[in-house]
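Asks: In the numbering used here, the protein residues as written are 19 to 382.
Where is the CB? At the ideal position from N, CA and C, for every residue including glycine.
What follows is a structure written as structure tokens; I'll ask about it next.
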Ligand code: PEP
Ligand code: MN
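Given below as structure tokens:
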């Protein structure tokens, strides 16, 4: 299904936008008035556009800290008054939304555990009807791009054109390097489909530990993300939620200063050199197509032969041989075994599909 979102450019949102990266930072949770104000004051001159703090916390287990509730919204009002920062909080239902709007929260975000639920997203969308406020939507916890887009559409349909997406990674089972697997191809696909949509990366929830923040943030910048949402706490180890992934305001400033922000290469000379090189790529892509086409034709011939001679489609020893040989050849050419495995699995699967179709073809 093709859709278009009606989007307003970020420099018209009424928030300070100093160019990439748009920074949205602050604690995972508002804990005390003092902690909130101390963090905000430390961030006031750091290029941060939006101060974030969770008031209602969707926690996995019920006996964890679940947020200070509406009381914390007064602290966010104070942050606005004392620092001039715009403030943001997470809303998960209509009640949160009304409360946040009543306290003049400037920016809302919908969390990963809410994006998965179209009923909850619709309820928030209905509460936002006629309201002019920037809203960011985190990816759902499962790697389902359509669900993410669906949430964006619901909020957009309510008239919200100051709309952004936050990539915070996807849940998986068992020990993994990341708290939430980034699956970068998903936000890349979102950007391909909605080039005007503001896309923010959340390295804190992807990494789950502060040591990973820089690497993930840099990768997001190199993939041309528009912004970063990073959790900052004056005393991270004592944080009431997500302690391992939070950093102090000073470490945050160092991290941001260390990022290399590359351009789109839109200068004339850059463009003509890129154009030249891309022509070579196009040429090889054409050759690849011809080769894949020719290979598939042979696979089809083999399918006909198997049909005539009543031979099964999958020949495991042959498949192993192809894969092992290709990985070895690939390695000698400096191509990773991961790349070769993915390419050959895709090609082999297509051959199997074609051959299965051929041997089961009903002649009329
Ligand atoms: C958060 O931003 O603190 C949060 C709860 O994030 P997520 O919805 O990505 O888990
Ligand atoms: Mn958090």
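So residue 396 packs on residue 105, CB below 8 Å; how close in whole Å?
Replies: No answer is possible for residue 396: the residues shown for the chain start at 19 and end at 382.
Asks: CA-CA distance, residue 248 and residue 347?
Replies: Their backbone Cα atoms lie some 43 Å apart in a straight line.
Asks: Got a sec: does the ligand MN put a non-hydrogen atom nearer than 7 Å to the Cβ of residue 49?
Replies: It does not: the Cβ of residue 49 is nowhere closer than 7 Å to a heavy atom of the ligand MN.
Asks: Please report whether the beta-carbon of residue 117 lies at a distance below 8 Å from any beta-carbon of chain B.
Replies: Reference to chain B is not applicable here, since this structure consists of a single protein chain.
Asks: Based on DSSP bridge pairs, tell me the residues matched to residue 155.
Replies: BP columns for residue 155 point to 128, 183.
Asks: Can you tell me which of the three DSSP states residue 70 falls into?
Replies: Looking at residue 70 - three-state DSSP - the assignment turns out to be strand.
Asks: Can you tell me the Cα-Cα spacing of residue 171 and residue 308, whole angstroms?
Replies: So the two alpha carbons sit approximately 39 Å from each other.
Asks: Can you grab the Cα-Cα spacing for the pair residue 267 / residue 310, in whole Å?
Replies: Taking the straight line joining both Cα atoms gives about 53 Å.
Asks: With a threshold of 7 Å, establish whether the CB of residue 256 neighbours any heavy atom of the ligand MN.
Replies: No, Cβ of residue 256 sits at least 7 Å from all heavy atoms of the ligand MN.
Asks: What does the alpha-carbon distance come out to for the pair residue 233 and residue 180?
Replies: Each residue's Cα considered, the two are about 29 Å apart.
Asks: Quick one: what does DSSP say residue 323 is sitting in, helix, strand or coil?
Replies: DSSP places residue 323 in helix when its eight states are reduced to three.
Asks: Ignore the nearest five residues each way along the sequence and tell me which others in residue 257's own chain have a CB closer than 8 Å to its CB.
Replies: Hits under 8 Å: 45, 46, 47, 49, 251, 264.
Asks: Report the three-state DSSP secondary structure of residue 351 (helix, strand or coil).
Replies: In this structure, residue 351 counts as coil in the three-state DSSP scheme.
Asks: If you check the beta carbons only, do residue 224 and residue 318 fall under 8 Å apart?
Replies: No, they are not a contact pair.
Asks: First and last residue of the alpha helix (DSSP H) that includes residue 105?
Replies: Here residue 105 belongs to no alpha helix (DSSP H); instead the beta strand (DSSP E) covers 104-108.
Asks: Quick one: residues in its chain with C-beta nearer than 6 Å to the C-beta of residue 219, no 5 flanking neighbours on either side, listed in chain order?
Replies: So the qualifying residues of the chain are 185, 238, 243, 246.
Asks: In or out: residue 178 buried (at least 16 other Cβ within 10 Å) or exposed?
Replies: Residue 178 should be labelled buried.
Asks: Collect the residues with a C-beta less than 5 Å away from any heavy atom of the ligand PEP and give them in sequence order along the chain.
Replies: That gives 46, 72, 129, 130, 156, 186, 223.
Asks: Identify the continuous alpha helix (DSSP H) that holds residue 378 and give its terminal residues.
Replies: Counting along the chain, residue 378 falls outside any alpha helix (DSSP H), and DSSP gives it neither H nor E.
Asks: Check residue 218 in the structure and name its three-state DSSP category.
Replies: Looking at residue 218 - three-state DSSP - the assignment turns out to be strand.
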